[in-house]
DNA sequence: CTCCTTTCCTAAACCAGTTCATTTTTAGTT
DNA sequence: AACTAAAAATGAACTGGTTTAGGAAAGGAG
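Residue numbers (my numbering), protein chains in the order written: chain A, 66 to 260; chain B, 66 to 260.
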């Protein structure tokens with residue numbers, strides 16, 4: 066099952082599974098290939114899967130009443146993505162999760178994950194830790210949106226996630242950082258004229 | 066150990082513990098009483114405890130370079146609070162956690178909690194679930210800060226958490242919602258003149 | 001290669017929310 | 001009750017970021 070190795074490697078950073086447990090885990094995984102612009106989650110439908118990115122790039126975004134998009138998260142190789150709220154509460158999604166490039170994904174259904182958590186309690190630790198880290202990240206991001214100016218947030222993102230910034234469309238980046246594409250353009254212009 | 070009952074009741078919503086396990090859990094708990102304005106977490110010191118509020122009200126806030134405060138969370142009766150990031154990474158805190166009223170708290174050290182998680186794996190489920198919910202909440206809050214105007218965010222908060230809003234100082238509420246006290250004052254004025 | 005769509009850039013008018021400076025109200029303390 | 005300090009209100013001047021409307025560049029499909 067070589068195709069699932071990346072996920073097993075990811076798991077092994079947090080928890081040690083026996084070969085049997087690994088096999089059991091893998092039995093619930095599914096490979097999914099998607100083309101650019103294809104959505105794997107849409108508002109109105111419950112988000113069933115947790116999705117791991119083997120190859121490619123995706124984003125989760127919300128569309129508000131004025132049809133404006135707000136990017137909630139990006140995911141590239143070795144990241145997870147989903148409409149988290151929809152998945153854990155088994156409610157209709159509010160987000161789109163869309164491929165920004167042709168991508169190869171590995172998915173596990175939330176209900177299967179819950180079953181696995183019962184079977185292999187060690188996995189709970191994995192879930193807890195990655196969720197804790199996601200929470201800490203999200204808290205920092207919210208603070209930053211209040212504390213830093215648009216330009217500071219842009220700089221921070223370029224420093225930490227330049228690899229992502231250079232791969233995703235500009236409107237997606239601007240809507241992640243919480244300002245308009247026009248303003249992103251203005252920021253970049255300001256920078257290039259300075260140097 | 067009647068004094069710890071509120072925490073046990075909280076736990077029981079997520080996981081069933083035997084009497085032995087309950088006793089073991091309780092053995093790590095400590096009661097803490099604090100006066101208004103007293104801080105239980107400060108920048109520079111590692112946040113050791115997870116804190117449950119038996120009675121009273123607290124807030125966690127960040128102070129930026131311009132000495133402006135940004136409230137990250139409130140906690141009243143039956144809520145938990147801490148500098149989450151500092152606690153899980155065992156790094157110096159960046160937040161203050163301050164009592165807004167004289168309060169009675171129950172604390173558990175993070176290291177003790179980790180030990181308990183090893184001893185009583187059932188507890189992992191508890192940790193995972195409350196963290197997942199906190200994450201979903203945080204994600205909604207960030208989206209809302211991008212999508213909604215200051216006034217809409219104020220209205221939402223009043224609807225959902227009116228009980229908190231009426232208990233905390235106005236500057237704390239404004240800094241939670243992400244705008245200035247002056248503007249909050251303006252919003253309230255607008256409303257009272259309308260009705 | 002050409003057409004067409006999507007993405008990116010620019011600039012001026014505009015507005016939601018801030019800043020600053022001062023006053024009024026409230027709450028805590030002796 | 002009187003004093004003090006903290007919190008809330010007010011209003012005028014200002015600004016970071018949006019909006020609107022356009023044109024330029026880049027990528028994909030035939």
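Backbone N, C-alpha and C define an ideal beta-carbon position, used for all residues, glycine too.
Quiz item: So, residue 152 of chain A versus residue 112 of chain A, is the Cβ gap smaller than 8 Å?
Solution: Within the first chain, residue 152 of chain A is the residue found at index 87, counting from 1. Within the first chain, residue 112 of chain A is the residue found at index 47, counting from 1. Contact annotation: residue 152 of chain A and residue 112 of chain A have beta-carbon atoms nearer than 8 Å.
Exercise. Indicate whether at least one CB of chain A lies closer than 8 Å to the CB of residue 246 of chain B.
Key: The count along the second chain starts at 1 and reaches residue 246 of chain B at position 181. Chain A, which has no Cβ nearer than 8 Å to the Cβ of residue 246 of chain B, makes this no.
Exercise. Jot down the residue ranges of each uninterrupted beta strand (DSSP E) in the stretch 153-241 of chain B, minimum 3 residues, whole runs only, in chain order.
Key: 160-164 and 168-174
Quiz item: Using a Cβ cut-off of 7 Å, which residues of the stretch 126-137 of chain B contact any Cβ in chain A, in chain order?
Solution: 127, 129, 135 and 137
Self-check item: Beta-carbon spacing of residue 93 of chain A, residue 177 of chain A below 8 Å
Solution: Reading the first chain from its first residue, position 28 is the one you call residue 93 of chain A. Reading the first chain from its first residue, position 112 is the one you call residue 177 of chain A. In contact: residue 93 of chain A and residue 177 of chain A (Cβ atoms closer than 8 Å).
Practice problem: Determine the direct distance from the alpha carbon of residue 255 of chain B to that of residue 242 of chain B, and round the result to whole angstroms. | Solution: For this step, residue 242 of chain B is matched to residue 177 along the second chain. For this step, residue 255 of chain B is matched to residue 190 along the second chain. Computed Cα separation, rounded: 17 Å.
Practice problem: Leaving out five residues on either side along the sequence, give the residues of the same chain with a beta carbon under 8 Å from the beta carbon of residue 81 of chain A. | Solution: Translated into positions along the first chain, residue 81 of chain A becomes position 16. These residues qualify, in order along the chain: 187.
Quiz item: Is residue 248 of chain B helix, strand or coil when you go by DSSP?
Solution: Counting from 1 along the second chain, the entry for residue 248 of chain B is found at position 183. Helix.
Quiz prompt | Residues of the stretch 146-172 of chain B whose Cβ lies closer than 8 Å to any Cβ of chain A, in chain order | solution = Along the stretch 146-172 of chain B, going in chain order, the ones with a CB nearer than 8 Å to a CB of chain A are 149, 150, 153 and 154.
Quiz item: Sorted by chain position, which residues of the same chain lie with C-beta nearer than 7 Å to residue 137 of chain B's C-beta, five sequence neighbours on each side aside?
Solution: Working through the second chain from its first residue, we reach residue 137 of chain B at position 72. Answer for residue 137 of chain B: 125, 126, 127 and 160, listed in chain order.
Quiz item: Counting along the chain, where does the alpha helix (DSSP H) carrying residue 90 of chain B start and finish?
Solution: As a working mapping, residue 90 of chain B is identified with position 25 in the second chain. 84-91 is the span of the alpha helix (DSSP H), which, as asked, contains residue 90 of chain B.
Self-check item: Option nearest residue 145 of chain A by Cα separation, candidates A:192, A:233, A:218 and A:219
Solution: Residue mapping note: residue 145 of chain A aligns to position 80 of the first chain, counting from 1. Nearest of A:192, A:233, A:218 and A:219 to residue 145 of chain A, Cα basis: A:192.
Self-check item: Spatially closest choice to residue 195 of chain A from A:224, A:75 and A:71, by CA coordinates
Solution: Position 130 of the first chain, counting from 1, holds the residue named residue 195 of chain A. Residue 195 of chain A has its Cα closest to that of A:75, out of A:224, A:75 and A:71.
Quiz item: Can the beta-carbon of residue 215 of chain B be found less than 8 Å from the beta-carbon of residue 248 of chain B?
Solution: On the second chain, position 150 is the one that residue 215 of chain B refers to. On the second chain, position 183 is the one that residue 248 of chain B refers to. Going by C-beta atoms, residue 215 of chain B is nearer than 8 Å to residue 248 of chain B.
Quiz item: What residue does the alpha helix (DSSP H) around residue 76 of chain A start on, and which one ends it?
Solution: Counting from one through the first chain, the residue named residue 76 of chain A turns up at place 11. Unbroken alpha helix (DSSP H) run through residue 76 of chain A: 70-77.
Quiz prompt | 6 Å Cβ shell around residue 234 of chain A - same chain, five flanking residues per side excluded | solution = The sequence position of residue 234 of chain A within the first chain is 169, counting from 1. The answer is none, since no qualifying residue turns up.
Quiz item: Taking Cβ-Cβ distances shorter than 8 Å, what residues in chain B pair up with residue 205 of chain A?
Solution: Within the first chain, residue 205 of chain A is the residue found at index 140, counting from 1. Per Cβ cutoff of 8 Å: 150.
Quiz prompt | Span of the beta strand (DSSP E), counted from its first residue to its last, around residue 115 of chain B | solution = Here the question's residue 115 of chain B lines up with position 50 in the second chain. Residues 114-120.
Quiz item: Who pairs with residue 80 of chain A in a beta bridge, going by DSSP?
Solution: In the first chain, the residue the question calls residue 80 of chain A occupies position 15. DSSP output for residue 80 of chain A lists no bridge partner at all.
Self-check item: Closer than 8 Å to chain B by CB, residue 197 of chain A
Solution: Position 132 of the first chain, counted from the start, is the residue given in the question as residue 197 of chain A. Judged by the 8 Å Cβ criterion, residue 197 of chain A is in contact with chain B.
Self-check item: As assigned by DSSP and simplified to three states, the class of residue 97 of chain B
Solution: If you number the second chain from 1, residue 97 of chain B lands on position 32. Note: residue 97 of chain B maps to strand in three-state DSSP.
Practice problem: Would you please state the rounded distance, in angstroms, between the beta carbons of residue 163 of chain B and residue 102 of chain B? I believe it to be under 8 Å. | Solution: Your numbering for residue 163 of chain B matches position 98 in the second chain. Your numbering for residue 102 of chain B matches position 37 in the second chain. With a contact defined as Cβ atoms closer than 8 Å, residue 163 of chain B and residue 102 of chain B qualify at about 7 Å.
Quiz item: Pick from B:132, B:99, B:134 and B:108: whose alpha carbon is nearest that of residue 121 of chain B?
Solution: For this step, residue 121 of chain B is matched to residue 56 along the second chain. If we check each option's Cα against that of residue 121 of chain B, B:99 comes out closest.
Quiz item: Measuring CA to CA, which of B:169, B:70 and B:172 is closest to residue 84 of chain B?
Solution: On the second chain, residue 84 of chain B is found 19 positions in, with the first residue counted as 1. Among B:169, B:70 and B:172, the Cα nearest to that of residue 84 of chain B is on B:70.
Quiz item: If you measure from the CB of residue 139 of chain B, is any heavy atom of the ligand NAP nearer than 7 Å?
Solution: Inclusion of the ligand NAP in the displayed structure is not the case, the ligand content being empty and no account of it being possible.
Quiz item: Given that residue 190 of chain B touches chain A, what residues does it touch there, using C-beta distances under 8 Å?
Solution: For the purposes of this step, residue 190 of chain B is taken as residue 125 along the second chain, with counting starting at 1. For residue 190 of chain B, the residues of chain A that pass the 8 Å Cβ criterion are 182 and 189, in the order they occur in the chain.
Quiz item: Taking the DSSP output, what are the residues bridged to residue 110 of chain B?
Solution: Your numbering for residue 110 of chain B matches position 45 in the second chain. None; residue 110 of chain B has no bridge partner.
Quiz item: Taking Cβ-Cβ distances below 9 Å as the criterion, which residues of the stretch 74-104 of chain B are in contact with chain A?
Solution: none
Exercise. Could you tell me which of A:129, A:118 and A:251 sits nearest to residue 168 of chain A, measuring between CA atoms?
Key: Position 103 of the first chain, counted from the first residue, corresponds to residue 168 of chain A. Residue 168 of chain A has its Cα closest to that of A:118, out of A:129, A:118 and A:251.
Quiz item: Hey, out of A:197, A:240, A:212 and A:208, whose CA is closest to residue 155 of chain B's CA?
Solution: Position 90 of the second chain, counted from the first residue, corresponds to residue 155 of chain B. Minimum Cα distance to residue 155 of chain B is reached at A:197.
Exercise. Tell me whether residue 124 of chain A sits in a helix, a strand or coil according to DSSP, three-state version.
Key: As a first step, residue 124 of chain A must be located in the first chain, where it is residue number 59. Residue 124 of chain A: strand per DSSP, three-state reduction.
Self-check item: chain A within 8 Å of residue 186 of chain B, Cβ atoms only
Solution: As a working note, residue 186 of chain B is residue 121 in the second chain. Yes, its Cβ sits closer than 8 Å to a Cβ of chain A.
Quiz item: Leaving out five residues before and five after residue 87 of chain B in sequence, what residues of the same chain have Cβ atoms less than 7 Å from its Cβ?
Solution: Working through the second chain from its first residue, we reach residue 87 of chain B at position 22. The residues are 73.
Quiz item: Given that residue 208 of chain B touches chain A, what residues does it touch there, using C-beta distances under 8 Å?
Solution: Position 143 of the second chain, counting from 1, holds the residue named residue 208 of chain B. Taking a Cβ-Cβ threshold of 8 Å, the residues of chain A close to residue 208 of chain B are 127, 135 and 137, in chain order.
Exercise. Compute the distance between the beta-carbons of residue 170 of chain B and residue 97 of chain B, then report whether it is under 8 Å.
Key: Position 105 of the second chain holds residue 170 of chain B. Position 32 of the second chain holds residue 97 of chain B. Going by C-beta atoms, residue 170 of chain B is nearer than 8 Å to residue 97 of chain B.
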